[in-house]
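A.B. asks:
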Amino acid sequence: MFFDETEHEEREFLFDIPADDEKGEEQLRLRLMGYKKVGGDIVWRGARLLAGDLIRRGRSGLRGRTTLELGAGSGLLSAVCAGLGADALSTDGDEAEVPQQVRTAELFTDGLSLGGSLSAAFLEWGTPACQEAHDASLEVSPAVDGASPSRTPPLRKRGFDFVIGSDIVYMPRFIPALAETIEFFLADSGEALIANTAVATNTSHPEARAMFIAALEKVGLVVQ
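Residue 3 in UniProt numbering sits at position 3 of the sequence shown, and the numbers go up by one each step.
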């Protein structure tokens, strides 16, 4: 069941999937549960921009991969990844956000028949919280709401091919913990995709970007 005092609404998102050697052009149809944020939509601009990048990677770019979305909010990026054939896990460190992600996972259907799955879970940032989640995953396969446990990617160290997020690099005090979380869960050959669209609090957007790059380099990640 979906229990939350915030008034939510269901929205439909449509994406055109380009033709490739396997299939012709198709349309990916996703249903998301969320609440209207600043600007009057249930997703911010960064999620739409990064969703476009994921779509351009096509079916072969994500099919059979594992993806972890941080600070997911409505979970658009995870839904896109699942629609393109990934086993996607949508997470947030705000307990109030998780119910809508659970509902979005329940609404997901594999419309393109690429074998993707969508799950949702609570996850705080920082090495101690990540280690706790990792240890818990070793004790029992996490029964995350919204998907079959066997298809839910466990929150294990180096366990994800992609770590993604949008508009999550705007509060300076959380940047070091965010970098630690990306480093903890990203596979050795994995890729982190982070989009931030000129959003920052208590600092400027360029300064937030510089702080984030420095934090990523401090934990040993290569920034491009």
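Here a beta-carbon is modelled for each residue, glycine too, at the ideal position from N, C-alpha and C. A quick note: this is a predicted structure, and the numbers were derived from the prediction, not measured.
Short of 7 angstroms in beta carbon distance, which residues of its chain neighbour G165, apart from the five on each side in sequence? Order them along the chain.
C.D. replies: Hits under 7 angstroms: E69, L70, G71 and I194.
A.B. asks: According to DSSP, is A121 helix, strand or coil?
C.D. replies: Three-state DSSP puts A121 in a strand.
A.B. asks: Quick check on this structure: which residue in I168, S90 and L62 has the alpha carbon closest to the alpha carbon of D161?
C.D. replies: Selected option, being the one with the closest Cα: L62.
A.B. asks: What do you reckon, are the CB atoms on D188 and R158 nearer than 9 angstroms?
C.D. replies: Yes. Within cutoff.
A.B. asks: Which runs of the alpha helix (DSSP H) fall wholly inside the region 16-65 and span at least 4 residues, in chain order?
C.D. replies: Segments of the alpha helix (DSSP H) lying fully in the region 16-65: 45-62.
A.B. asks: Kindly list the residues whose CB is nearer than 8 angstroms to the CB of Q27, restricted to its own chain and excluding five residues on each side of it in sequence; keep chain order.
C.D. replies: L14, F15, D16 and I17, listed in sequence order.
A.B. asks: Who pairs with R11 in a beta bridge, going by DSSP?
C.D. replies: DSSP lists L32 as partners of R11.
A.B. asks: Could you check if P176 is buried or exposed, using at least 16 other CB atoms within 10 Å of its CB as the buried criterion?
C.D. replies: Buried, by the Cβ-count rule.
A.B. asks: Is it right to say S113 is buried, meaning 16 or more other beta carbons lie within 10 angstroms of its own, or is it exposed?
C.D. replies: Exposed.
A.B. asks: Could you check the C-alpha separation between P172 and G75 for me, to the nearest Å?
C.D. replies: Each residue's Cα considered, the two are about 23 angstroms apart.
A.B. asks: Where C130 and F185 are concerned, what is the direct C-alpha to C-alpha distance, given to the nearest angstrom?
C.D. replies: When rounded, the distance between both Cα atoms is 8 angstroms.
A.B. asks: In terms of residues, what are the limits of the alpha helix (DSSP H) holding A105?
C.D. replies: Where A105 is concerned, the enclosing alpha helix (DSSP H) stretches over V98 to L107.
A.B. asks: Buried or exposed, going by whether 16 or more other CB atoms sit within 10 Å of the CB of R56?
C.D. replies: Classification of R56: exposed, given that the 10 Å Cβ count is below 16.
A.B. asks: What would DSSP say about S137, mapped onto helix, strand or coil?
C.D. replies: Here S137 sits in helix by DSSP.
A.B. asks: Can you tell me whether S189 is helix, strand or coil according to DSSP?
C.D. replies: The answer is strand: DSSP assigns S189 an E or B state.
A.B. asks: So, helix, strand or coil for A82, using DSSP?
C.D. replies: Three-state DSSP puts A82 in a helix.
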